[in-house]
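Trainee: Take this structure first; my questions come after.
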Amino acid sequence: MNSTDSSCPPPQKQQDSVPKILDAQLPPEKISHLYDTLAPIYDIWGKLTESRAIHKALELAAIQDGETILEVAVGTGLVFSNLVEKNPHGKNIGIDLSPGMLAKAKARLQDKSLNNYTLIEASATELPVKDFSVDLLMNTYMLDLIPFTEMEKVLKEFNRVLKVGGRLVLVNMTHGRSFFSKFYELLFRISPSLMGGCRPISISSDIHNLGFKLKHVEYLEQLFFPSEIILAIKDQHVC
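What follows is the structure, encoded as structure tokens:
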């Protein structure tokens with residue numbers, strides 16, 4: 308559950324740690340409905356544009372059986388099923404805002420006869436997870452949906468639930484470096500729904516302001532779709 312460390316001072320207004328370039332356009336309720344609609348076909352998009360970045364993220368996660376693993380925004384369960392398979396004696400928690408995506412994830416896990424997991428419908432801004440309880444937090448292609456006004460709050464939630472020394476693995480749509488990779492940003496500008504609400508972001512240079520030490524950052528394109536892959540370690544608690 309979401310709890311506040313008594314040693315933390317009252318929140319004060321401060322300059323945002325995440326730079327604002329192109330902000331999100333879809334409210335949470337529309338995102339949830341949109342991804343309920345996309346759930347049956349989302350894996351096709353993921354295979355074409357995201358699978359290489361996901362594979363690299365799972366490598367960086369360096370899962371050790373017996374850990375407590377949290378995936379925020381499980382989607383159809385493609386990543387989460389891999390986490391559960393590699394952590395049979397640990398605790399695996401998956402969270403998503405979309406009931407349709409959670410249903411798809413549950414079906415995938417049942418098809419693989421996996422049962423060592425918990426799936427929860429919840430928001431990334433208020434994780435139903437105890438402080439300092441998670442060894443590994445995975446989050447793929449979600450922060451690029453979040454408004455900048457909420458992004459720092461989400462990253463602080465990630466910091467709250469991770470143990471000191473815990474690993475944070477992020478994958479996001481980022482700014483394209485090749486000519487054709489900029490096409491996806493153009494689609495977002497025309498209609499955010501065409502991109503599932505995703506727009507390019509880059510947080511690797513700012514994540515250290517939120518209690519994390521950056522260990523690895525990598526840019527990757529697949530079908531010209533640009534992704535930023537990040538491994539960071541929680542080195543301090545941030546209120």
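Residue numbers for the sequence shown follow the numbering used here, so the first one is 308 and each next one is one higher.
Built from N, CA and C at the ideal position, the CB exists for glycine as well.
Near Phe490, what residues of its chain come up, given a Cβ to Cβ distance below 7 Å and the 5 sequence neighbours on each side ignored?
Mentor: Here the question's residue 490 lines up with position 183 in the sequence shown. Phe531, listed in sequence order.
Trainee: What does the alpha-carbon distance come out to for the pair Tyr424 and Glu392?
Mentor: In the sequence shown, counting from the first residue as 1, residue 424 sits at position 117. In the sequence shown, counting from the first residue as 1, residue 392 sits at position 85. Annotation: Tyr424 to Glu392 spans about 10 Å, alpha carbon to alpha carbon.
Trainee: Taking the alpha-carbon of Gly407 as reference, which of Phe387, Val381 and Pro507 has the nearest alpha-carbon?
Mentor: To locate residue 407, count along the sequence shown from 1; it is residue 100. Looking at the Cα atoms, Val381 is the closest of the given residues.
Trainee: Where do the N-terminal and C-terminal ends of the beta strand (DSSP E) with Arg474 fall, by residue?
Mentor: Numbered from 1 along the sequence shown, position 167 holds the residue referred to as residue 474. Residues Leu469 to Met480.
Trainee: Going by the beta-carbon positions, is the gap between Gly397 and Ile376 smaller than 8 Å?
Mentor: Position 90 of the sequence shown, counted from the first residue, corresponds to residue 397. Position 69 of the sequence shown, counted from the first residue, corresponds to residue 376. Yes. Within cutoff.
Trainee: Whole-angstrom Cβ separation of Pro533 and Met480, contact assumed at under 8 Å?
Mentor: For the purposes of this step, residue 533 is identified with residue 226 of the sequence shown, where counting begins at 1. For the purposes of this step, residue 480 is identified with residue 173 of the sequence shown, where counting begins at 1. Right, their Cβ atoms sit about 7 Å apart.
Trainee: DSSP on Pro533, reduced to helix/strand/coil?
Mentor: As a position in the sequence shown, residue 533 is number 226, starting the count at 1. Reduced to three states, the DSSP call for Pro533 is strand.
Trainee: Pick helix, strand or coil for Leu385, following the three-state DSSP scheme.
Mentor: Position 78 of the sequence shown holds residue 385. Leu385: helix per DSSP, three-state reduction.
Trainee: Pairing CB atoms from the stretch 407–423 with CB atoms from the stretch 438–452, are three or more of them under 8 Å?
Mentor: no
Trainee: Using 8 Å as the threshold, is the C-beta distance between Ile540 and Glu525 below it?
Mentor: Position 233 of the sequence shown, counting from 1, holds the residue named residue 540. Position 218 of the sequence shown, counting from 1, holds the residue named residue 525. Result no, Cβ atoms of Ile540 and Glu525 do not sit closer than 8 Å.
Trainee: Out of Thr383, Lys437, Asn466 and Ala360, which one is the CA nearest neighbour of Asp418?
Mentor: Position 111 of the sequence shown, counting from 1, holds the residue named residue 418. It is Thr383.
Trainee: Counting only the same chain and skipping the five closest in sequence on each side, list residues whose C-beta sits under 7 Å from that of Leu475.
Mentor: Here residue 475 is taken as the residue at index 168 of the sequence shown, counted from 1. Counting only Cβ-Cβ distances below 7 Å, and skipping sequence neighbours, we find Leu444, Phe465, Leu469, Phe519, Ala539 and Lys541.
Trainee: Just the Cα atoms here: how many angstroms apart are Ile556 and Lys460?
Mentor: No information on residue 556 is available, as it lies outside the stretch 308 to 546 that the chain covers here.
Trainee: Is Ile402 closer than 8 Å to Val379 when the C-beta atoms are compared?
Mentor: Translated into the one-based positions of the sequence shown, residue 379 becomes position 72. Translated into the one-based positions of the sequence shown, residue 402 becomes position 95. Yes, the Cβ-Cβ distance between Val379 and Ile402 is below 8 Å.
Trainee: Identify every residue that forms a DSSP beta bridge with Ala539.
Mentor: Working through the sequence shown from its first residue, we reach residue 539 at position 232. Answer is Leu475 and Leu521, bridged to Ala539.
Trainee: Could you check if Phe486 is buried or exposed, using at least 16 other CB atoms within 10 Å of its CB as the buried criterion?
Mentor: In the sequence shown, counting from the first residue as 1, residue 486 sits at position 179. Burial call: exposed.
Trainee: Quick check: the Cα distance between Val386 and Leu365, rounded to an integer number of angstroms?
Mentor: Stepping through the sequence shown from its first residue, residue 386 is reached at position 79. Stepping through the sequence shown from its first residue, residue 365 is reached at position 58. Answer to the nearest angstrom: the Cα atoms are 8 Å apart.
Trainee: Taking DSSP as the reference, what is the three-state secondary structure of Gly401?
Mentor: To locate residue 401, count along the sequence shown from 1; it is residue 94. For Gly401, the three-state secondary structure derived from DSSP is strand.
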